[in-house]
Structure formats: C-alpha cells, structure tokens
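Asker: Residue numbers (the numbering used here): 1007 to 1234. Note that beta-carbon positions come from the ideal geometry of N, C-alpha and C, so glycine has one too. Can you keep this structure in mind? I'll have questions shortly.
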Ligand code: SF4
C-alpha cells in the first residue's frame, strides 16, 4: 500500500527502516505520566504494535511497529483517549523535566507544574525552527537544561534561564542572559517574549542559538528585561 510518510510524520507516525511500519511518538509533558495513560499505551503496543515501548532521550514515548494499515485505527484510539501525538517540524516541542520539588528532596522548584504550564500554553506553536524546552529542579541539573533552546534551572533564589542550547549534529551550550527570576510568572513572561522575538527574527530553520549569534544578545536582553 502506498503511504504518505511526510503526512503521517506530521501526525506523530514516523516511518521506520521497515517501510511498511511506523513508530508512533506521543507527547509527554514534564516527564511524568498517569497509569491510565500508560495502560492505553500498553494496549496500543500489544494490539497494534509488536509489544515494545520506547522511551526517547527527551522523555517522549514511542510505540514502534505499527503497520501502515493500522494507523487510522490507532489515531481513533488516541482521539477517544484524549492523548496527543508528538508534532514534528518547526514548532515548540514537548517540555522535558526532572521530578523537581514535588518528589525530589533536592528540588527547589515545582518542575512538573512549570513544564505543564509551558506545554499547555505553547506546545505546537509554529516557529521558524524547532524549539526545545527543559526544566530542572536544582543545580544537579538532571534534565541537562543547557542542551535545550530554552533551559530553566531552579535554585533557592528562583529560576535561572539558559538560551540557545542544542544537542544534535551541532552542539551548543545555552547561556544565561538575564539575572535569576524570582517567580514562575516572570519565567512565563520571559518565555512569551522569547518566542515572539524568535518568531519575528529567525530565518527558516535557524535555531535560537544561531539567531542570537547572528544578531547579538543586546536587543533580546533589553526586551527580556522590560517589566522585570
Ligand atoms: S535536578 Fe535536582 S531536583 Fe531535579 S531530579 Fe535532579 S536532583 Fe532532583
């Protein structure tokens, strides 16, 4: 059967090396899922995949070996269960996070709560290039936030933001540009400004770090500091 792999990728189904099979990537926000979500994932993997479930390095979940003829059935199951598939391409991706203060004794901020707030507001927003965000609860940095376009690290003082990191065929370490932000609302405000700046100024496919290298950080810093 002829399949439109690019169209399926935009719906979260990634064509495998075995061309008649697809790996379904699901979006996980904040690194924690419910048992109800996992039961549904298991049901799909057992009934429509090969019984395997893969956890990606950014905490997303994939169900491989879904035959092309079962894709629509699986999409129906996801829709009924209210489960969102990953969206590839130039947009805000899932937000990864460590356990943070809700569970970990070292945590200084509620990482899950912040990651979900970011995900609910921005997941899937169209941008010139992909944009990855991670949140970590303390200096131990289990979520490796400087490897993301925007990283957020908790401390006793509040939230340190890192901008412009990436970790792929190119490696770039995110940099701090503004002082530590004391409140969660300040972080959300800075994110809004960053996404607007990125959307206005980046060329197609240009990641945030490259944009900041090209235009410098001065204007961006001024924008971020307005109202702080
Ligand atoms: S970064 Fe800190 S708060 Fe998060 S899991 Fe690691 S030790 Fe715990």
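Closer than 6 Å from C-beta to any heavy atom of the ligand SF4: which residues, in chain order?
Answerer: Taking each Cβ in turn, the ones that pass are 1104, 1105, 1106, 1110, 1112, 1113, 1142, 1143, 1144, 1146, 1147 and 1148.
Asker: Ignore the nearest five residues each way along the sequence and tell me which others in residue 1211's own chain have a CB closer than 8 Å to its CB.
Answerer: Here residue 1211 refers to the residue found at position 205 of the chain shown. Excluding positions up to five away in sequence, the list reads 1096, 1134 and 1135.
Asker: Under the DSSP definition of a beta bridge, which residues are partnered with residue 1265?
Answerer: Here the chain comprises residues numbered 1007 to 1234, so residue 1265 is not present and cannot be evaluated.
Asker: Does the count of Cβ pairs from the region 1136-1146 and the region 1102-1117 closer than 8 Å reach three?
Answerer: yes
Asker: Based on DSSP bridge pairs, tell me the residues matched to residue 1101.
Answerer: Position 95 of the chain shown holds residue 1101. DSSP lists 1139 as partners of residue 1101.
Asker: Rounded to the nearest angstrom, what separates residue 1173 and residue 1153 at their Cα positions?
Answerer: Looking up residue 1173 in the chain shown gives position 167. Looking up residue 1153 in the chain shown gives position 147. Whole-angstrom Cα-Cα distance: 5 Å.
Asker: State the start and end residues of the unbroken beta strand (DSSP E) segment that holds residue 1085.
Answerer: Here residue 1085 refers to the residue found at position 79 when the chain shown is read from its first residue. No beta strand (DSSP E) contains residue 1085, which is instead part of the alpha helix (DSSP H) from 1077-1087.
Asker: Can you check which of these residues, 1101, 1118 and 1112, is closest to residue 1128 by C-alpha distance?
Answerer: Taking the chain shown and counting its residues from 1, the one referred to as residue 1128 is at position 122. The residue with the shortest Cα to Cα distance from residue 1128 is 1101.
Asker: Am I right that residue 1072 and residue 1027 are in contact with their C-beta atoms under 8 Å? What's the rounded C-beta distance?
Answerer: Residue 1072 sits at position 66 when you count from the first residue of the chain shown. Residue 1027 sits at position 21 when you count from the first residue of the chain shown. Confirmed, about 6 Å.
Asker: Hey, would you say residue 1093 sits closer than 9 Å to residue 1037, going by beta carbons?
Answerer: Locating residue 1093 in the chain shown gives position 87, where the first residue counts as 1. Locating residue 1037 in the chain shown gives position 31, where the first residue counts as 1. It is not a contact, given that the beta carbons lie outside the stated cut-off.
Asker: Going by the beta-carbon positions, is the gap between residue 1165 and residue 1180 smaller than 9 Å?
Answerer: For this step, residue 1165 is matched to residue 159 along the chain shown. For this step, residue 1180 is matched to residue 174 along the chain shown. No.
Asker: Of the choices 1126, 1193, 1098 and 1215, whose alpha-carbon is the least far from that of residue 1176?
Answerer: Residue 1176 sits at position 170 when you count from the first residue of the chain shown. It is 1215.
Asker: Return helix, strand or coil for residue 1092, following the three-state DSSP convention.
Answerer: One-based indexing of the chain shown puts residue 1092 at position 86. Three-state DSSP puts residue 1092 in coil, outside helix and strand.
Asker: At which residues does the beta strand (DSSP E) containing residue 1159 begin and terminate?
Answerer: In the chain shown, residue 1159 corresponds to position 153, counting from 1. For residue 1159, the enclosing beta strand (DSSP E) stretches over residues 1156-1161.
Asker: Here's a check: name, in chain order, each residue in its chain whose Cβ is nearer than 7 Å to the Cβ of residue 1217, leaving out the five neighbours to either side.
Answerer: On the chain shown, residue 1217 is found 211 positions in, with the first residue counted as 1. Excluding positions up to five away in sequence, the list reads 1204, 1207 and 1208.
Asker: Assign residue 1117 to one of two classes, buried (16 or more other C-beta atoms within 10 Å of its C-beta) or exposed (fewer than that).
Answerer: For the purposes of this step, residue 1117 is taken as the residue at position 111 of the chain shown. When all chains shown are included, residue 1117 counts as buried.
Asker: Between which two residues does the alpha helix (DSSP H) carrying residue 1118 extend?
Answerer: As a first step, residue 1118 is located in the chain shown; it is residue number 112 there, counting from the start. That run of the alpha helix (DSSP H) goes 1117-1128.
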